[in-house]
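Below is one structure, written out as structure tokens; the observations come after it.
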Amino acid sequence: MTWWADANARARGLSGHLLDEAAWRRVRLCSDVPTLCRELQRLGYPLEPGDAPRTAERALDRVRAARQAVLAQWLGSRVRCFRVHLEADDFRAVRALLRAAAGDVPAADPSNPVPPAAGLSDAMRTAAAAAGTPEDALAVLVDRGQSLAARALEEHRTLVESWPDLPPLIALEQALLRAFAGRALEGARHGGRELVRRVRRAIDVTNARAVLALGSDGGLPAGSAFVEGGEALTAELFADALGARDAEAARALLGAGLPRDLGAALADPELSSPRFERALLVRELASEHHAARQDPLGPAPVLAFLVRQQLEAHDLRGLLWARALGAPPDPERWT
0 MTWWADANAR
10 ARGLSGHLLD
20 EAAWRRVRLC
30 SDVPTLCREL
40 QRLGYPLEPG
50 DAPRTAERAL
60 DRVRAARQAV
70 LAQWLGSRVR
80 CFRVHLEADD
90 FRAVRALLRA
100 AAGDVPAADP
110 SNPVPPAAGL
120 SDAMRTAAAA
130 AGTPEDALAV
140 LVDRGQSLAA
150 RALEEHRTLV
160 ESWPDLPPLI
170 ALEQALLRAF
180 AGRALEGARH
190 GGRELVRRVR
200 RAIDVTNARA
210 VLALGSDGGL
220 PAGSAFVEGG
230 EALTAELFAD
240 ALGARDAEAA
250 RALLGAGLPR
260 DLGAALADPE
270 LSSPRFERAL
280 LVRELASEHH
290 AARQDPLGPA
300 PVLAFLVRQQ
310 LEAHDLRGLL
320 WARALGAPPD
330 PERWT
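Taking numbering that gives the first Met the number 0, the leading residue of the sequence shown gets 0, the next gets one more, and so forth.
The following block contains the structure:
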């Protein structure tokens, strides 16, 4: 049996650094980006009033990554149980490096820098950014011992054997996604059935998101876009939804096959990617709070902190860009 009491205590302590209701009301009342940065600076974030929204975003990312590093150090070997949360930054950073190497985004483009990630050292980033192709960038990371990249290389070989006509960057990104999901599921098995269930649900969400993003004209074979390991969203349902006549029909198919709360998020008539992401995080946080009340010695308090931090990051990013685009202050709701 895995023991969580010490990690839960650390997670509750870290939760005290997140914004409370009064702080949220103050930041939502900020009328522009400089005022918002100044208020967040007073709340302990390393921002300056002159920061651009993208600069402020990255500063917030660094704070979030630092908190996660503290929790990871406390978890010790149990850190593998939470890969679905704690390796998400690694996934995004490796993907950004691959895209930069493909020329989609210049490696030094300040509008889309590689996000901070515990699993990528500065030396890894520098070497991968200098690679000539995405394949070279991945190989550099593998040579330097980046564990997610090593798994992605294995997945890539399998993927291109089955679908040799996939565009090279898409094949690499899909291999990376499969590697991330596989490592998350394997790690969760060390923490028990409930952690495995949570990762399976996250994989279902990933597949639902892929359907929404790709649509029937996405041009990818369903089998190459589907990530194994989910619970409710089967390969057959995924293929049917991906081949649906329009987005509304795809959402209806997904909603009928997924758990009720996920179906409710998909049924939003004003569904957009940010709204969908936020709805999922809100539902996940409520679920973890309920689980923590039912089993305070289980892993739910750690998960509640990680989800709450993701939700805070999501809302602060949205608020930054809303103010940058001139949206007016709203003390109750802005998104």
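Cβ coordinates follow ideal geometry from the N, Cα and C atoms, glycine included. On a predicted model such as this, the values are computed, not experimentally measured, just so you know.
Query: Quick check on this structure: which residue in 162, 164, 168 and 117 has the alpha carbon closest to the alpha carbon of residue 146?; Result: 117
Query: So residue 322 packs on residue 29, CB below 8 Å; how close in whole Å?; Result: 7 Å
Query: What's the gap between the Cα of residue 174 and the Cα of residue 94?; Result: 10 Å
Query: Find the nearest neighbour of residue 34 within the set 48, 153 and 24, judged by alpha-carbon distance.; Result: 48
Query: Tell me whether residue 224 is buried or exposed, calling it buried when 16 or more other Cβ atoms sit within 10 Å of its Cβ.; Result: buried
Query: If you measure between the beta carbons of residue 79 and residue 185, is that distance less than 9 Å?; Result: yes
Query: Report the three-state DSSP secondary structure of residue 266 (helix, strand or coil).; Result: coil
Query: How would you label residue 2, buried or exposed, when you count the other beta carbons within 10 angstroms and need 16 or more for buried?; Result: exposed
Query: Under 6 Å Cβ to Cβ from residue 234, same chain only, skipping five residues before and after it: list those, please.; Result: 225
Query: Among residues of its own chain, excluding the 5 on either side of residue 127, which ones have a beta-carbon nearer than 6 Å to its beta-carbon?; Result: 96, 136, 139 and 140
Query: Can you tell me where the alpha helix (DSSP H) holding residue 176 begins and where it ends?; Result: 167–187
Query: Do residue 87 and residue 119 have their C-beta atoms within less than 9 Å of each other?; Result: no
Query: Go through its chain and collect everything with a Cβ distance to residue 266's Cβ below 8 Å, but skip five positions before and after it.; Result: 250 and 254
Query: Since I believe residue 115 is in contact with residue 180 (beta carbons under 8 Å), could you give me their beta-carbon distance rounded to a whole number of angstroms?; Result: Not quite, the Cβ-Cβ distance comes to about 22 Å (not below 8 Å), so this is no contact.
Query: Does the beta-carbon of residue 249, which I'm using as the reference point, lie nearer than 8 Å to any heavy atom of the ligand NAD?; Result: In terms of ligand content, the structure shown is empty, and the ligand NAD therefore cannot be addressed.
Query: Taking residue 45 as the reference, give the member of 243, 292, 74 and 62 with the closest Cα.; Result: 62
Query: Determine the burial state of residue 298: buried for a count of at least 16 other Cβ atoms within 10 Å of its Cβ, exposed for fewer.; Result: buried
Query: Between residue 203 and residue 232, how many whole angstroms is the CB-CB distance? I'm expecting something under 8 Å.; Result: 4 Å
Query: Just the C-alpha distance for residue 262 and residue 279, rounded to the nearest angstrom, thanks.; Result: 10 Å
Query: Within 10 angstroms of the Cβ of residue 133, are there 16 or more other Cβ atoms? Answer buried if so, exposed if not.; Result: buried
Query: Alpha carbon to alpha carbon, what distance is there between residue 183 and residue 210?; Result: 21 Å
Query: Looking at residue 208 and residue 230, is the spacing between their C-beta atoms short of 9 Å?; Result: no
Query: So does the stretch 6–16 actually touch the stretch 66–75, counting three or more Cβ pairs closer than 8 Å?; Result: yes
Query: Under 8 Å Cβ to Cβ from residue 257, same chain only, skipping five residues before and after it: list those, please.; Result: 203, 207, 231, 232 and 265
Query: Got a sec? Which residues, its chain only, sit under 6 Å from residue 66 by beta carbon, not counting five neighbours each side?; Result: 13
Query: Are the beta-carbon atoms belonging to residue 150 and residue 178 less than 9 Å from one another?; Result: yes
Query: If you drop the 5 nearest sequence neighbours on each side, which residues of the same chain put their C-beta closer than 6 Å to that of residue 159?; Result: 170
Query: Who are the Cβ neighbours of residue 315 in its own chain at under 7 Å, not counting the five residues just before and after it?; Result: 59
Query: Does residue 166 pass the burial test, meaning 16 or more other C-beta atoms within 10 Å, or should it be called exposed?; Result: exposed
Query: What span of residues does the alpha helix (DSSP H) with residue 237 cover, start to end?; Result: 234–241
Query: Return yes when the Cβ of residue 85 is within less than 9 Å of the Cβ of residue 302, no when it is not.; Result: no
Query: Can you tell me whether DSSP reads residue 88 as helix, strand or coil?; Result: helix
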